[in-house]
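Some notes on the structure that comes next.
Numbering (this note's numbering), first residue to last: 142 to 470.
Right, here's the structure in full:
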């Protein structure tokens, strides 16, 4: 499991990171009592690792405040209404929900998980997960290779000790199958199954897209079933599934070659996609250009150059803040 770095560059264990966020949430909420303060002091001084974990999350929170305050001033609707799971302990998502109330009162908007600094709670149980900008290939069995794109979390599914599929919790995966047994990918409300060939599944922000590169893929959804042939694609969300569409697979698979390809894509969507590949966050604060179309090819390893090109093309001002935050206005 990938763990974030502390301020001195060392990795923070995931369990300590979660505990540190819970303490920070409580201390910033205004609900902390004297007993809580004593418990916190015992926790934070129990080891250098505990102190480092707290220092790391506090540094990130403090770095978020300036851009978040500006976001709240421009877009008050960006602050979601917090929700608490009944009967459950505070986790990272619960921390964020509670923190939003306190943060909003202080003039700070938080998008959860803030700046993508930690995985969402649904991703904690992932068997495999990639960090921002990371790609990894898993050889699940003879003839079954799965390549995970950036910020991707999956759970493996087996039967009788053999790989039969995976759950794509979030992110994007490319599946390469030799002739043999069926392999299924569950993403949100849909299940995509193939017996051979190549296909890709993307599951981001509750929306899924399945692209068949070679062979055939059966996509089952509560709203209907679609069968894809090579060079075909279908999109779905939790309640609906779209029609089968013809696509140019080279664009869909370009990330495997280290390239992002856009064709008449709104600038806001381009920024969202770039954010998946880099730590921190790019915030587009200029509504005038949000829907302006972008076409081009950008190397994943040179996304800072891509951002500079976008800045120049749309006459945007750029402001750099700590923790990888870039504001374009």
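For glycine and all other residues, C-beta sits at the position ideal for the given N, C-alpha and C.
Nothing here was measured: the structure is a model prediction, and the numbers come from that model.
Between the alpha carbons of residue 418 and residue 189 lies a distance of about 31 Å. For the pair residue 392 and residue 402, the CB atoms are nearer than the 7 Å cut-off. Its Cα nearest to that of residue 356, the residue 334 stands out among 346, 349, 377, 334. Residue 399 carries a coil assignment under DSSP once its states are collapsed to helix, strand and coil. The C-beta separation of residue 287 from residue 308 comes to about 12 Å, leaving the pair out of contact by the 8 Å criterion. Contact between the segment 357-370 and the segment 413-431 is absent, with fewer than three C-beta pairs closer than 8 Å. With distances taken between CA atoms, residue 388 lies nearest to 373 out of 169, 400, 373. For residue 299, the number of other beta carbons within 10 angstroms of its own is below 16, and it is reported as exposed.
In the structure shown, residue 349 falls within a strand segment according to DSSP collapsed to helix, strand and coil. When beta bridges are read from the DSSP output, residue 434 appears opposite 407.
Excluding the 5 residues flanking it on each side, residue 427 has same chain C-beta neighbours closer than 8 Å at 455, 457, 469, 470, in chain order. Residue 424: member of the beta strand (DSSP E) spanning 422-425, first to last residue. Secondary structure of residue 450 (DSSP, three-state): helix. DSSP lists 279, 316 as the beta-bridge partner residues of residue 287.
Nearest to residue 277 by C-alpha distance, out of 460, 313, 328, is 313. DSSP places residue 176 in the uninterrupted alpha helix (DSSP H) bounded by 175-185. Judged by DSSP secondary structure, residue 335 falls within the beta strand (DSSP E) whose first and last residues are 331-335. Per DSSP, the beta-bridge partners of residue 377 are 349, 382. Partner residues in the beta bridge of residue 439, as assigned by DSSP, are 401. For residue 349, the closest alpha carbon among the candidates 330, 421, 340 is that of 330.
The Cβ-Cβ distance between residue 408 and residue 430 falls below 7 Å. Bounds of the beta strand (DSSP E) holding residue 328 are 324-328. Nearest to residue 317 by alpha-carbon distance, out of 336, 436, 434, is 336. The criterion of a C-beta distance shorter than 7 Å is satisfied by residue 284 and residue 321. Nearest in C-alpha terms to residue 194, of all of 164, 173, 449, 180, is 164.
For residue 365, the closest C-alpha among the options 301, 378, 371, 354 is that of 378.
When the alpha-carbon of residue 290 is set against those of 311, 446, 304, the nearest one is in 311.
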